[in-house]
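One structure below.
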DNA sequence: GCGACAG
DNA sequence: ATCTTGTCGC
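Now the structure itself:
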């Protein structure tokens, strides 16, 4: 399923009738997961066609207005809402409960993605396989444009090859749904039989299926997730657990987990070895940024 | 009121 | 990852 979540979302916003409002949370629920609330705000901020897509009709769950991307900011939002008959007092919408629109016609796309994951997740293997080389991957973003770098390295972090790709993403960043933003892009451009080091998590994920697992299963190659911050699991010294089961490692302030086609133990040994020389994701990040800046120079 | 929230 | 249209739980 390759959904353009931006388009799907703007179509949802168009359903809010004049004279009514909805909330960021209700739109997130219509997408299929409340965790997308902030992404709703982000997509509204990027609304390419204000008024046509009536983003001014979206307010916060407590009845206050929330932001508006306009030189006059929230004042413009108030003006638009009042012109549609909405009463606002002290920055709060009156009769909030009577005029809140919740009846979206939707197929809950994020729920669909979660269902699809259940099938893919069965294909995760934590058995070691052979691979050609090691490739570290990172993406830099400017709005909806991604600049992706694939940096082939040896075990001493010596750079052997660099490949860069530029694309427009069709999915916002939503916590725990990072696969559908960056993973789709990695899958689109990567071709080979290397071990991939990916900026995010593998099996160390609330649904056991993070970005590195998504890529590892779909490409059927070994992948390791390397995250800079904590998403899921309980840290005990250098191990990260979910219940009794180990799901990852905490090494040098990084959150490491196998994606697929590699064992927990091999992930540890390889990452330990690489980290003695440096952080491969940081390396890929430098090249992704450099690529982004050089492309922007070309304008 | 402050921190979480993979990037 | 950027540079700010959220929500929940402590």
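In the working numbering, the protein residues as written are 184 to 482.
Built from N, CA and C at the ideal position, the CB exists for glycine as well.
Opening and closing residue of the beta strand (DSSP E) in which residue i lies
i           : result
residue 354 : Neither: residue 354 is in no beta strand (DSSP E) and is coded neither H nor E.
residue 438 : 437-443
residue 220 : Run containing residue 220: none in the beta strand (DSSP E); it sits in the alpha helix (DSSP H), 220-228.
9 Å Cβ cutoff met for residue i and residue j
i           : j           : result
residue 235 : residue 360 : no
residue 334 : residue 200 : no
residue 196 : residue 269 : no
residue 186 : residue 295 : yes
residue 188 : residue 354 : yes
residue 228 : residue 252 : yes
residue 249 : residue 471 : no
residue 386 : residue 392 : yes
residue 332 : residue 467 : yes
residue 291 : residue 215 : yes
residue 329 : residue 351 : yes
residue 261 : residue 271 : yes
residue 510 : residue 378 : Nothing in the structure corresponds to residue 510, since the chain is present only between 184 and 482.
residue 449 : residue 311 : yes
residue 376 : residue 404 : yes
residue 297 : residue 437 : no
residue 349 : residue 478 : yes
Closer than 8 Å: residue i CB and nearest the ligand ADP heavy atom
i           : result
residue 470 : Within the structure as shown, the ligand ADP is missing, as the structure has no ligands at all.
Cβ distance (whole Å) where residue i is taken to contact residue j below 8 Å
i           : j           : result
residue 408 : residue 395 : 3 Å
residue 277 : residue 457 : The pair is not a contact, with the Cβ atoms about 59 Å apart (cut-off 8 Å).
residue 347 : residue 474 : 4 Å
residue 326 : residue 267 : Between residue 267 and residue 326 the Cβ distance is about 29 Å, and since that is not below 8 Å, they are no contact.
residue 191 : residue 243 : Contact doesn't hold; Cβ gap of about 22 Å is too wide.
residue 406 : residue 381 : 6 Å
residue 343 : residue 460 : Actually they are not in contact, since the Cβ atoms of residue 343 and residue 460 sit about 14 Å apart, beyond 8 Å.
residue 275 : residue 247 : 6 Å
Terminal residues of the alpha helix (DSSP H) in which residue i lies
i           : result
residue 264 : 257-266
residue 293 : 292-304
residue 378 : Where residue 378 is concerned, there is no enclosing alpha helix (DSSP H), although the beta strand (DSSP E) it sits in stretches over 378-381.
residue 273 : Neither: residue 273 is in no alpha helix (DSSP H) and is coded neither H nor E.
residue 190 : 188-197
residue 392 : Unbroken run through residue 392: none, as it is neither H nor E.
residue 372 : 366-372
residue 208 : 207-214
residue 279 : 279-282
Taking three-plus beta-carbon pairs below 8 Å as touching, is the segment 365-380 in contact with the segment 420-434?
In this structure the segment 365-380 does not touch the segment 420-434; the number of beta carbon pairs closer than 8 Å is below three.
In chain order, which beta strand (DSSP E) runs of at least 3 residues are fully inside the segment 307-339?
317-325 and 328-336
Please give the ranges of any beta strand (DSSP E) in the segment 409-471, keeping only runs that are unbroken, at least 3 residues long and fully inside the region.
417-419, 422-425, 428-434 and 437-443
Segment contact, 8 Å Cβ cut-off, at least three pairs: the segment 381-401 with the segment 253-265
In short, these stretches do not touch, since the Cβ pair count stays below three.
Do the segment 307-323 and the segment 439-453 meet, that is, are 3 or more Cβ pairs less than 8 Å apart?
yes
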